[in-house]
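Here the working numbering runs 108 ahead of the position in the sequence shown, where the first position is 1.
All C-beta atoms in this analysis are idealised placements derived from N, C-alpha and C, irrespective of residue type, glycine included.
These notes are about the structure you will find just below.
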Amino acid sequence: MNISVIILAAGQGTRMKSELPKVLHPISGRPMIHYAIETAQRISDDVTVVLFHQAERIEKEITREFEGIRFKLQDHANYPGTGGAVMDIATRHDRVLVLNGDMPLVTAEALEPILQKDGDIVMSVFDLPDPSGYGRVVVENGEVQAIVEEKDCTPELKRIETVNAGVYLFKKEVLDRYLPLLDNDNAQAEYYLTDIVKMAREEGRHIIPVWVEEAAFKGVNSRYDLAHAEEMMQERIRERWMRAGVTMHLPSTIFIDSRATFHGDCTLDNGVTILGASVVTASHIKSHTVVEEADIKNSSVGPMARIRPGSVVIDSQIGNFVEVKKSKLTGVKAGHLSYLGDAEIEEGSNIGAGTITCNYDGRKKYKTKIGRNVFVGSDTQLVAPVTIEDNVMIAAGTTVTKDVKEGSLAISRTPQKIVERFFHRFFGTGGENG
Ligand code: UD1
Ligand code: CA
């Protein structure tokens with residue numbers, strides 16, 4: 109499409125009260141601004157992001173995931189404000205879509221009605237019973253006459269419920285003509301992009317309002333807005349996956365990262381958290397389990413298990429209070445209370461309750477390898493690096509420090525001693541000879 113996109117992200121985000129730039133605050137696992145950029149790249153090959161506050165940091169977070177983005181440093185000292193942000197950008201196409209970096213819910217589909225309209229300026233609006241925080245839009249005879257920022261509103265204007273959603277499609281020549289004419293004669297002493305509307309209207313230009321859903325155009329200014337946007341994003345992600353064949357019990361309690369994917373028949377019980385680019389295939393993730401950037405296939409996990417980054421769990425049953433980190437488990441049963449880190453465990457092996465891989469000596473991490481059909485008794489410590497070959501039994505309570513050969517038993521225990529009547533002598537209780 110012959111449209112250039114400018115994404116505004118140079119503001120300080122004062123209302124977030126945060127060291128972290130507003131547009132880097134995460135929503136469903138990704139910096140807020142990633143969503144706006146993803147949407148922009150779906151409709152344009154010419155995307156410019158305007159930066160100023162913590163510009164380097166934001167640029168780094170963007171180039172980590174996106175290619176072909178142009179960055180523009182706003183002349184914030186002389187031209188603060190959304191109008192200042194759009195100045196001096198040489199866009200390639202003659203229609204320019206301006207998006208705010210703090211609108212994570214906007215999609216290409218939601219922008220479609222704006223892109224289809226013809227006008228000197230086409231802009232998004234919605235009606236809100238409580239319009240506070242947004243610029244008020246004066247509409248007469250079906251066209252926009254002016255946008256007035258809340259801080260500049262008379263009490264009468266404040267009552268207008270039609271607000272500026274913050275997305276505009278400009279003819280390039282409209283920007284070229286009016287940007288140099290902006291002034292900062294307003295409550296915030298800023299150059300408002302929104303002031304172009306009034307000037308353009310006065311010269312008989314057509315400014316077309318397009319009513320949009322708040323669900324896609326919500327702006328994030330405070331952490332309260334952030335939480336609200338997160339809820340809306342989660343709602344969207346969950347719906348998508350339920351429609352794709354994932355059963356969710358009590359969906360409102362489930363958190364799914366926007367990069368996670370599901371395949372085949374999956375079930376997520378209440379309170380499940382799926383983080384990062386996890387891939388879950390034909391598996392049942394039970395209540396209050398946390399999956400962090402892991403790959404789970406044909407398995408059941410939880411309740412209350414934690415599968416950490418770099419883990420691959422296939423054809424396995426992982427039970428409560430089992431933590432798995434950077435390990436590959438294939439056809440494994442680990443039913444209760446274990447830590448399996450930097451391990452590779454093969455088919456048919458059973459990990460008893462309380463088994464711990466001691467993978468860290470305070471300096472380095474080491475690997476534990478367990479072959480097929482190994483029976484690891486309860487309360488075993490596997491001090492890595494260590495290799496257990498196939499068909500091995502490890503007796504309960506064993507501390508394994510040496511490799512174990514195929515077919516053997518490993519046992520390390522202090523022999524049990526019985527001291528008769530010890531209890532009664534110690535406490536001076538019962539017993540005939542008390
Ligand atoms: C802006 C609109 C308001 C609209 C609202 C919708 C103006 C003057 N007001 O208000 O009418 O209802 O969005 O969400 O445009 N930014 C810069 N450089 C700056 C200042 C801001 O790039 O000097 C960026 C911010 O990073 C942000 C976006 O512009 O992504 C909007 O800025 P913000 O301060 O949030 O504007 P609002 O007060 O929400
Ligand atoms: Ca805003």
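Exclusion of F174 from the 7 angstroms shell around ligand 1 follows from its C-beta lying no nearer than that to any non-hydrogen atom of the ligand. Y276 counts as buried, since at least 16 other C-beta atoms from the protein chains shown sit within 10 angstroms of its C-beta. Between L132 and F160, the CB-CB gap reaches or exceeds 8 angstroms. Cβ contact annotation for D303 (same chain, cutoff 6 angstroms, sequence separation greater than five): L290, in chain order. Across the structure, P493 and Y474 are spaced so that their CA atoms are roughly 5 angstroms apart.
Between S391 and N406, the C-beta spacing is below 8 angstroms. Counting C-beta pairs closer than 8 angstroms gives fewer than three between the stretch 317-337 and the stretch 351-362, which falls short of the contact rule. In this structure, ligand 1 has no non-hydrogen atom nearer than 7 angstroms to the beta-carbon of L277. Per DSSP, the beta-bridge partners of L383 are E400. Minimum Cα-Cα distance from L213 among the listed residues T147, P188, Q253, R244 corresponds to T147. Going by C-alpha positions, A295 is about 23 angstroms away from M231. DSSP lists H392, Q425 as the bridge partner or partners of S408. In the structure shown, the three-state DSSP call for A492 is coil.
Counting along the chain, P317 sits inside the beta strand (DSSP E) bounded by residues 315-319. Apart from sequence neighbours up to five positions away, the residues of its chain that approach T495 with a beta-carbon distance below 7 angstroms are K477, D511, ordered along the chain. In this structure, N467 sits away from D487, with a CB-CB distance that is not shorter than 8 angstroms. Following the DSSP letters along the chain, one finds Y286 inside the alpha helix (DSSP H) bounded by residues 280-286. As DSSP reads the structure, R529 sits in no beta bridge.
In the DSSP assignment, I255 forms a beta bridge with V245.
Between G191 and Y299, the gap from beta carbon to beta carbon is short of 8 angstroms.
Per DSSP, Y332 is one residue of the alpha helix (DSSP H) stretching across 331-351.
Taking the C-beta atoms as reference points, A385 is found nearer than 8 angstroms to A368. Around the C-beta of F535, fewer than 16 other C-beta atoms lie within 10 Å, and the residue is accordingly described as exposed. Between V421 and L437 the beta-carbon gap is near 5 angstroms, inside 8 angstroms, which marks them as a contact. A Cβ-Cβ distance of about 6 angstroms is found for the pair V305 and A254, placing them in contact under the 8 angstroms criterion. R521 carries a coil assignment under DSSP once its states are collapsed to helix, strand and coil.
Around the beta-carbon of K259, fewer than 16 other beta-carbon atoms lie within 10 Å, marking it exposed.
One thing to note: S366 has its Cβ within 8 angstroms of the Cβ of R138. Around the CB of E220, fewer than 16 other CB atoms lie within 10 Å, so the residue is classed as exposed. Contact between I197 and I111 does not hold, since the beta-carbon distance rounds to 14 angstroms and is not under 8 angstroms. Of the heavy atoms belonging to ligand 1, none sits nearer than 7 angstroms to the Cβ of I315. When DSSP reads this structure, I166 sits in no beta bridge, so it has no partner. Per the C-alpha coordinates, the member of A163, E311, I316 positioned closest to D226 is I316. Under DSSP, D154 takes part in a beta bridge, and its partners are S112.
For I177, the uninterrupted beta strand (DSSP E) run begins and ends at 177-181, by DSSP.
N481 and D498 do touch by the CB rule: their CB atoms are close to 6 angstroms apart, below 8 angstroms.
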